[in-house]
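Reading the sequence shown from the start, the letters are residues 1 to 318 in UniProt numbering. By construction, the Cβ of each residue, glycine as well, lies at the ideal position given by its N, Cα and C atoms.
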Amino acid sequence: MAVHKIVLFYGFAPLADPRAVQLWQRALAERWDLRGRVIVAEHGINATLEGTVENLKQYVKTTRTYPGFENIDVKWSDGSGADFPRLSVKVRPELVAFGAPEALQMGTDGVQGGGARLSPQELNDLVARRGDDVVMFDGRNAFEAEIGRFRDAVVPDVATTRDFVDVLDSGAYDELKDRPVVTYCTGGVRCEVLSKLMVDRGFSEVYQLDGGIVRYGEAFGDDGLWDGSLYVFDDRRHVEFGPATVPLGRCAACQAVTALYENCGDPSCSTLTLCCEDCAATHREGRCDACITERPGGTVRETRGREQRVEGALHATV
Ligand SMILES: [Zn+2]
Ligand SMILES: [Zn+2]
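Shown next as structure tokens:
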């Protein structure tokens, strides 16, 4: 039986014609029977794709022939062959939607002026040297951190990546400006932008975890500074880095251990709530607190399947 894998990568490179790259990427993915999500923007490419090992290797090899994509760092993980319902290849104004495309200056080697890159080992060394002074700064949506995060991390209260600019401009984290701050996210792409936003706002010692949590988990499993599970935007829903992972997530209804999120029952709402299997059916029939307050007359969707859940999760990422 074919072995399925998932590749996660991004590459920053100035693209004169993102639409042409989109069409090329779609043709490649279709040719190699891949499913998942590719975003193309003027600043580069960001992709998560699943397929057989052989097909993914061909796809990666061909993608790397594109000027600027030669050195893309590809993270591989195990797939089931059914972790993505379909293929989506889109052109967007930004690779990750911070709402600040003008903050990025591109050079031949990617984003200029962002935080210094730390390998997983370099992060551990920094923490060993500087101890509690080091601030781990979560660059994801707050809900993602509920099931896993770096120990003692700062988790900004952001519902989408767009909220980061306002959170930083609010001054809420100004007291961190003189401390070593390490931003981290799933695979590193969000930190390319976030760390630059922080440098631009006067944070004096900013680092970014190169390769993100995925690379760190590969390197240290359960034995590093990471606690719990990693949220992923596909049907795996969460991944663990070793057999000894101590779960952090708790069902919002009954406090049982869980790493699963459920969409709000309101079709127009993308709020995800931690929910155990037992409470999931009840949760689907209801609406979240924010919905009830903001839209008292709202309704609950009639049927919910895998597609809708994944759509909700994808919606939450941008
Ligand atoms: Zn429960
Ligand atoms: Zn809701």
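- Within the present structure, is the beta-carbon of residue 288 separated from the nearest heavy atom of ligand 1 by less than 8 Å? By 1-based counting over the sequence shown, the position of residue 288 is 288. Ligand 1 has no heavy atom closer than 8 Å to the beta-carbon of residue 288.
- Query: Of all the options 224, 100, 150 and 19, which has the alpha carbon lying nearest to the alpha carbon of residue 168?
  - Reply: Sequence index remark: in the sequence shown, residue 168 carries index 168 (1-based). Checking every option, the nearest Cα to that of residue 168 belongs to 100.
- Task: Give the straight-line distance between the Cα atoms of residue 3 and residue 53, rounded to the nearest whole angstrom.
- Result: Counted from its first residue, the sequence shown places residue 3 at position 3. Counted from its first residue, the sequence shown places residue 53 at position 53. Computed Cα separation, rounded: 6 Å.
- Item | Beta carbon of residue 184 nearer than 9 Å to that of residue 142 | Along the sequence shown, read from residue 1 onward, the residue named residue 184 stands at position 184. Along the sequence shown, read from residue 1 onward, the residue named residue 142 stands at position 142. Cβ atoms of residue 184 and residue 142: not closer than 9 Å.
- Assign residue 206 to buried or exposed, taking buried as 16 or more other Cβ atoms, counted over all protein chains shown, within 10 Å of its Cβ. Position 206 of the sequence shown, counted from the first residue, corresponds to residue 206. By the 16-neighbour rule on beta-carbons within 10 angstroms, residue 206 is buried.
- Roughly how far, in whole angstroms, is the beta-carbon of residue 12 from the beta-carbon of residue 44, given that I think they are within contact range, below 8 Å? For the purposes of this step, residue 12 is taken as residue 12 along the sequence shown, with counting starting at 1. For the purposes of this step, residue 44 is taken as residue 44 along the sequence shown, with counting starting at 1. Indeed, because the Cβ distance is near 4 Å, the residues count as touching under 8 Å.
- Can you tell which of 248, 6, 211 and 218 has its C-alpha closest to the C-alpha of residue 119? Along the sequence shown, one-based indexing puts residue 119 at 119. Taking only the C-alpha atoms, the option nearest residue 119 is 211.
- Query: Measuring from the CB of residue 291, is there a heavy atom of ligand 2 at a distance below 8 Å?
  - Reply: As a position in the sequence shown, residue 291 is number 291, starting the count at 1. Result yes, Cβ under 8 Å from ligand 2.
- Query: When the Cα of residue 238 is compared with those of 161, 274, 267 and 254, which residue comes out closest?
  - Reply: By 1-based counting over the sequence shown, the position of residue 238 is 238. The shortest Cα separation from residue 238 among 161, 274, 267 and 254 belongs to 274.
- Task: Determine the contact status of residue 177 and residue 203, defining contact as a CB-CB distance below 9 Å.
- Result: For this step, residue 177 is matched to residue 177 along the sequence shown. For this step, residue 203 is matched to residue 203 along the sequence shown. In this structure, the beta-carbon distance from residue 177 to residue 203 falls below 9 Å.
- Message: Using 8 Å as the cut-off, can you tell me whether the segment 120 to 132 makes contact with the segment 57 to 76, which would need three or more C-beta pairs spanning the two stretches below that distance?
- Response: Between the segment 120 to 132 and the segment 57 to 76, the count of C-beta pairs closer than 8 Å stays below three; the two stretches do not touch.
- Message: Is residue 278 a contact residue of ligand 1, with contact defined as CB to any heavy atom under 8 Å?
- Response: On the sequence shown, position 278 is the one that residue 278 refers to. Within the cutoff, so yes.
- residue 105 versus residue 255 - alpha carbon distance: Sequence index remark: in the sequence shown, residue 105 carries index 105 (1-based). Sequence index remark: in the sequence shown, residue 255 carries index 255 (1-based). When only Cα atoms are considered, residue 105 and residue 255 end up about 45 Å apart.
- Reference residue 70, options 110, 279, 33 and 91, closest by Cα: Sequence index remark: in the sequence shown, residue 70 carries index 70 (1-based). Comparing Cα-Cα distances from residue 70 to each of 110, 279, 33 and 91, the minimum goes to 110.
- Message: Would residue 58 and residue 38 be called neighbours here (beta carbons separated by less than 9 Å)?
- Response: Numbered from 1 along the sequence shown, position 58 holds the residue referred to as residue 58. Numbered from 1 along the sequence shown, position 38 holds the residue referred to as residue 38. No. Outside cutoff.
- On the three-state DSSP scale, how would you describe residue 33? Position 33 of the sequence shown, counted from the first residue, corresponds to residue 33. In the three-state reduction of the DSSP assignment, residue 33 falls in the coil class, being assigned neither a helical nor a strand state.
- Near residue 198, what residues of its chain come up, given a Cβ to Cβ distance below 6 Å and the 5 sequence neighbours on each side ignored? Stepping through the sequence shown from its first residue, residue 198 is reached at position 198. The beta carbon of residue 198 sits closer than 6 Å to those of 206, all from its chain and outside the five residues before and after it, given in chain order.
- Since I believe residue 225 is in contact with residue 150 (beta carbons under 8 Å), could you give me their beta-carbon distance rounded to a whole number of angstroms? Here residue 150 refers to the residue found at position 150 when the sequence shown is read from its first residue. Here residue 225 refers to the residue found at position 225 when the sequence shown is read from its first residue. Confirmed, Cβ separation roughly 5 Å.
- Item | Residue environment, residue 246, which counts as buried when at least 16 other CB atoms sit within 10 Å | As a working note, residue 246 is residue 246 in the sequence shown. With fewer than 16 other Cβ atoms inside 10 Å of its own Cβ, residue 246 counts as exposed.
- Heavy atom of ligand 1 within 8 Å of residue 22 beta-carbon: The residue given as residue 22 occupies position 22 in the sequence shown. Flag unset: Cβ of residue 22 not near ligand 1.
- Item | Span separating the alpha-carbon of residue 175 from that of residue 156 | Here residue 175 corresponds to residue number 175 of the sequence shown, with the count starting at 1. Here residue 156 corresponds to residue number 156 of the sequence shown, with the count starting at 1. Cα to Cα, residue 175 sits roughly 14 Å from residue 156.
- Task: Could you tell me which residues DSSP pairs with residue 273 in its beta bridges?
- Result: Position 273 of the sequence shown holds residue 273. The beta-bridge partner set that DSSP reports for residue 273 consists of 262.
- Task: To the nearest angstrom, report how far apart residue 208 and residue 227 are at their CA atoms.
- Result: Numbered from its first residue, the sequence shown carries residue 208 at position 208. Numbered from its first residue, the sequence shown carries residue 227 at position 227. The straight-line gap from Cα to Cα measures roughly 18 Å.
- Task: Kindly indicate which three-state DSSP category residue 19 falls into: helix, strand or coil?
- Result: Counting from one through the sequence shown, the residue named residue 19 turns up at place 19. In this structure, residue 19 counts as helix in the three-state DSSP scheme.
- If you drop the 5 nearest sequence neighbours on each side, which residues of the same chain put their C-beta closer than 8 Å to that of residue 179? Indexing the sequence shown from 1 puts residue 179 at position 179. The residues 133, 134, 135 and 205, in chain order, have a CB closer than 8 Å to that of residue 179 in the same chain once the five nearest residues on each side in sequence are set aside.
- Item | ligand 1 heavy atom lying under 8 Å from the CB of residue 367 | Limits of the chain in this structure are 1 at one end and 318 at the other, which puts residue 367 out of reach.
- Task: Could you work out which residue in 88, 18 and 68 is closest to residue 33 when comparing CA atoms only?
- Result: Indexing the sequence shown from 1 puts residue 33 at position 33. For the residues 88, 18 and 68, the minimum Cα distance to residue 33 belongs to 88.
- Task: Per DSSP, which residues does residue 321 bridge with? Please list them.
- Result: Since the first residue shown for the chain is 1 and the last is 318, residue 321 is missing from the structure and cannot be characterised.
- For residue 97 and residue 162, believed in contact at Cβ under 8 Å, the rounded distance: As a first step, residue 162 is located in the sequence shown; it is residue number 162 there, counting from the start. As a first step, residue 97 is located in the sequence shown; it is residue number 97 there, counting from the start. With a Cβ gap of about 6 Å, residue 162 and residue 97 count as contacting.
- Query: Is residue 251 near residue 278, with beta carbons less than 9 Å apart?
  - Reply: Along the sequence shown, one-based indexing puts residue 251 at 251. Along the sequence shown, one-based indexing puts residue 278 at 278. Cβ distance < 9 Å, so residue 251 and residue 278 count as in contact.
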